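Notes follow the structure.
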Amino acid sequence: MELITSMCRERARRLVRSVLAGSLAAGLVAGALLATPAPAATAAVSPGPLEEGDVIYQVLVDRFHDGDPTNNDSGHGEYDPSDLGFYHGGDWAGLTEKLGYIADLGVTAIWLSPVSAQEPVSRDGNEGSYHGYFTHDFATPNEHFGDTVELQELIDTAHDLGLKMILDVVPNHTADYLAGTSTTYVPSTYAPAAPLNDPSLYHHAGDCLFDGSESQTQIENCDLGGLDDLDQSDPAVSAHLIDTYRDWVDLGFDGIRVDAARSVPKDWLADFEAAMGVPTFGEVFVGDVDYVSEYQDYQWGVLDFPYFFDVRDAFAADVDMNTLGDLFDQDVKYANPNRLETFLDNHDRARFLTWADDNYQRLRSALSFLLTSRGIPVIYYGTEQADDGNGNAGEVPIANKDNRKDMESFDQTGSVYTLIQRLTSLKAAYEPLRTGVQREMWSDTSFYGFSRRVDASGEETITLSTNAWDAQTRTIPLRAESTIPVGAVLTNLLDTTETTTVVAGGVTGKQIVVTLDEHETAVFAPGAPVSTYEPAERTTTTIRVHYDAGVGNSIAIRGDEYPLSWTAGRGARNISSGVWEWEMERVPEGELFEFKVLLNDATWSTGANFTGTGGEVIDVYPTF
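Here our numbering runs 36 ahead of the position in the sequence shown, where the first position is 1.
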């Protein structure tokens with residue numbers, strides 16, 4: 037142990053020396069950085085490497101919390117808190133201040149946005165490098181986030197709270213210094229830091245098209261979004277990336293997320309993971325299981341984009357839930373589906389609530405599914421605060437920047453935050469929710485269910501979900517593998533006032549009858565629940581429009597209180613002949629708002645605006 041500690045200490049010292057040397061060479065070092073001491077000799081004890089059963093919280097550091105305003109603006113046009121495309125001031129000191137908030141959520145790991153020094157703005161000047169993907173110097177910390185000592189303090193504090201730390205690495209590219217397919221830097225000073233300031237170390241294949249015509253070789257050699265594509269087959273490139281990232285890891289990181297893994301040769305990904313000594317998972321931004329699954333043959337895990345696309349459709353847009361069965365039927369193609377990183381939101385896709393029409397119940401149900409199905413769930417910062425990305429659903433080629441808003445609230449009493457707390461506590465208490473084998477129990481257009489079972493012990497949980505708008509009842513056979521006996525009482529761990537009893541019958545001789553409310557997910561387990569729990573009471577505002585719109589027509593609602601607006605209508609749901617309904621939870625109880633009804637979101641109803649009150653049912657009878 038002492039030998040390992042000494043090695044880590046020496047690597048940390050070498051990292052600080054490389055920071056100073058590299059920055060001096062670039063002429064960027066301020067006096068404060070020169071005075072930065074090496075990290076403390078005694079680091080906090082890590083909770084261990086990333087593993088099955090963890091729950092990850094993804095943080096975009098710049099958008100989380102500003103702990104040190106002095107590092108916000110370096111004067112290169114990169115700082116503009118009024119523009120989502122530029123730096124806003126979040127840093128490692130600010131994140132350290134808020135670690136208690138993250139730990140209280142019950143997650144077990146934090147995925148940190150890239151730590152390396154950045155080119156301040158993009159080549160065209162239209163975007164700042166706040167996200168961490170315009171690397172200038174892999175070995176130097178991003179000055180906007182802090183210095184190495186502050187990063188070490190963040191890691192150590194997180195470890196003290198039982199939180200693992202995941203490093204986001206960007207081995208595919210640097211910032212965009214080479215114009216097009218050029219092989220020279222113009223001017224010569226506009227280049228990455230040494231030793232990668234040599235154009236021969238890069239591919240010069242031009243920008244990636246991603247139009248379906250590219251071969252795998254072309255994908256690995258093209259410039260992603262114009263960013264200069266490194267040649268990992270060059271020994272100098274490979275050695276620099278591996279040595280530098282190993283130094284970062286030795287500060288105490290417990291896992292690694294690899295950016296743009298699809299664009300890096302697979303064999304190199306395997307060599308990189310072996311050299312890092314911690315589990316890695318790659319970003320393979322594709323919805324095809326056949327394509328994505330191959331990457332788990334080279335890395336410990338992989339971000340599960342196929343899961344993301346299908347689960348979001350089923351829970352946010354009420355698409356046929358049989359697609360979930362089709363998805364999980366392909367789990368046999370993965371080396372280990374329990375190591376797949378699953379998610380509903382991330383920094384490159386629009387917020388789930390935007391797709392879900394700002395329906396909180398859809399989000400709660402999807403989160404319950406996410407945190408109980410196979411894989412390692414990732415919670416994107418702000419999801420627990422019902423962030424909806426300003427209602428902007430644009431995703432071409434990647435999401436609009438509204439999904440990267442500043443963290444606006446650290447409230448720990450909201451229904452989404454407290455539900456996640458319950459789900460993470462269940463994951464910690466029930467082994468099947470961490471490592472159990474997932475097996476389908478039921479699938480139809482609006483209802484899906486599965487069990488997760490630890491076959492060695494027989495421990496089992498059952499997750500059931502519906503995306504229907506009304507209550508759904510199903511009689512569901514237990515799996516043949518199940519050892520839960522007839523007569524066993526199963527409790528819904530997400531509302532422990534609800535139970536169901538296993539009765540004889542069905543194709544396996546044992547079955548349960550379950551009723552779920554609209555857009556609900558329930559998690560059942562035998563025996564006394566680990567603790568009692570009832571879901572938070574919903575503050576729902578319902579606008580009920582009484583109007584016969586005629587065949588082929590629709591009713592929309594606009595208003596002055598978000599999620600309503602005067603510029604675009606929210607589509608009401610036809611619940612019976614001549615009756616349309618719109619529900620929302622974002623409006624506080626008792627708050628007054630004004631709204632208007634439109635036919636086909638084009639023709640405004642006559643007369644004055646209607647007035648509504650948050651938390652009430654408002655019946656209106658418009659005329660046109």
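All residues carry an ideal CB built from backbone N, CA and C; glycine is no exception.
Quick caveat, the model's predicted, so the values are computed rather than measured.
Residues in its own chain within less than 8 Å of Asp324 by CB, not counting five upstream and five downstream? Sequence-distant partners of Asp324 (beyond 5 residues in either direction) whose C-beta falls short of 8 Å from its own C-beta, in its chain, are Pro342.
Taking the beta carbon of Asp655 as the centre, do at least 16 other beta carbons fall within 10 Å, making it buried, or is it exposed? Exposed.
Could you give the C-beta distance for Phe379 and Phe351, rounded to a whole number, given that I count them as a contact under 8 Å? Their Cβ separation, rounded to whole angstroms, is 13 Å, which puts Phe379 and Phe351 out of contact at 8 Å.
Assuming Thr460 and Val97 form a contact by the criterion Cβ under 8 Å, report the distance between their Cβ atoms to the nearest whole angstrom. The distance from the Cβ of Thr460 to that of Val97 is about 22 Å, inconsistent with a contact at the 8 Å cut-off.
Nearest by alpha-carbon distance to Gly130: which of Arg515, Thr144 and Ala194 is it? Considering only Arg515, Thr144 and Ala194, the residue with the shortest C-alpha distance to Gly130 is Ala194.
Please return the same chain residues whose Cβ sits closer than 7 Å to the Cβ of Glu155, not counting the five positions on each side in sequence. Non-local C-beta neighbours of Glu155 in its own chain, meaning closer than 7 Å and more than five positions away in sequence, comprise Ser165, Phe170, His172 and Ala211, ordered along the chain.
If you measure between the beta carbons of Asp295 and Asn208, is that distance less than 8 Å? Yes, these two residues count as a Cβ contact at 8 Å.
For Gly607: DSSP bridge partner residues: DSSP output for Gly607 lists Ala592 as bridge partner(s).
Spatial distance of Thr449 from Lys302 (CA atoms): Cα atoms of Thr449 and Lys302: separation of roughly 44 Å, rounded to the nearest angstrom.
Taking just the CA atoms, how far does Leu339 sit from Leu86? Distance from the CA of Leu86 to the CA of Leu339, rounded to the nearest whole angstrom, comes to 14 Å.
Sort Tyr417, Arg375, Ala402 and Asp393 by Cα distance to Arg410 and report the nearest one. Minimum Cα distance to Arg410 is reached at Arg375.
Can you check whether the CB of Pro521 is closer than 8 Å to the CB of Thr497? The answer is no: Cβ separation not under 8 Å.
Cα separation between Glu554 and Arg398? Going from the Cα of Glu554 to the Cα of Arg398 covers about 9 Å.
Sub-8 Å separation of Ser299 and Glu250 beta-carbons: No, the Cβ-Cβ distance between Ser299 and Glu250 is not below 8 Å.
Does DSSP classify Met312 as helix, strand or coil? Assigned with DSSP and collapsed to three states, Met312 falls in helix.
Run through DSSP, which three-state label would Ser274 get? Three-state DSSP puts Ser274 in a helix.
The segment 538–556 contacting the segment 498–517, beta-carbon criterion three pairs below 8 Å: Touching, yes.
Collapsed DSSP secondary structure at Leu406 in the structure displayed: Reduced to three states, the DSSP call for Leu406 is helix.
Beta-carbon separation (whole angstroms), Asp637 vs Ala592, contact threshold 8 Å: The Cβ separation is near 4 Å, so the contact holds.
Helix, strand or coil for Asp307 per DSSP? Residue state, collapsed to three classes: helix.
In the structure shown, what three-state DSSP assignment does Pro373 receive? In the structure shown, the three-state DSSP call for Pro373 is helix.
Assuming Val314 and Asp290 form a contact by the criterion Cβ under 8 Å, report the distance between their Cβ atoms to the nearest whole angstrom. The pair is a contact, with the Cβ atoms about 6 Å apart (cut-off 8 Å).
Span of the alpha helix (DSSP H), counted from its first residue to its last, around Arg348: Here the alpha helix (DSSP H) through Arg348 covers Phe341 to Ala352.
Work out the CA separation of Gln268 and Gly607 for me, nearest whole Å. Rounded to whole angstroms, Gly607 and Gln268 show a C-alpha spacing of 50 Å.
Helix, strand or coil: which one does DSSP assign to Ala690? The question about residue 690 has no answer, for the chain in this structure spans 37 to 660.
Host beta strand (DSSP E) of Gly361 (start-end): Not the beta strand (DSSP E): Gly361 falls in the alpha helix (DSSP H), residues Asn358 to Phe364.
Over the uninterrupted beta strand (DSSP E) stretch that includes Ala558, give me the two end residues. According to the DSSP assignment, Ala558 belongs to the beta strand (DSSP E) that extends over Thr557 to Pro562.
Is it right to say Glu621 is buried, meaning 16 or more other beta carbons lie within 10 angstroms of its own, or is it exposed? Classification for Glu621: buried.
Keeping to the same chain, check which residues put their C-beta closer than 6 Å to that of Ala540; ignore five residues upstream and five downstream. So the list reads Val522, once near-sequence residues are dropped.
For Phe660, which residues in the same chain have their Cβ closer than 7 Å to its Cβ, ignoring the five residues on either side in sequence? Hits under 7 Å: Leu635, Thr639, Ser641 and Thr642.
Reducing DSSP to helix, strand and coil, say where Leu635 ends up. Note: Leu635 maps to strand in three-state DSSP.
Selection from Ser152, Ser487, Ile202 and Val95 that minimises the alpha carbon distance to Gly84: When each option's Cα is compared against that of Gly84, the closest is Ile202.
Option nearest Asn717 by Cα separation, candidates Ala492, Gly261 and Thr471: Because the chain in this structure spans residues 37 to 660, residue 717 falls outside the shown range and cannot be described.
Between the segment 330–338 and the segment 350–366, do three or more beta carbon pairs fall short of 8 Å? Judged by Cβ distances under 8 Å, the segment 330–338 makes no contact with the segment 350–366, as fewer than three pairs qualify.
Is Val414 near Glu377, with beta carbons less than 8 Å apart? The answer is yes: Cβ separation under 8 Å.
If we ignore side chains and look at the alpha-carbon of each, how far apart do Tyr569 and Glu476 end up? Rounded to whole angstroms, Tyr569 and Glu476 show a C-alpha spacing of 26 Å.
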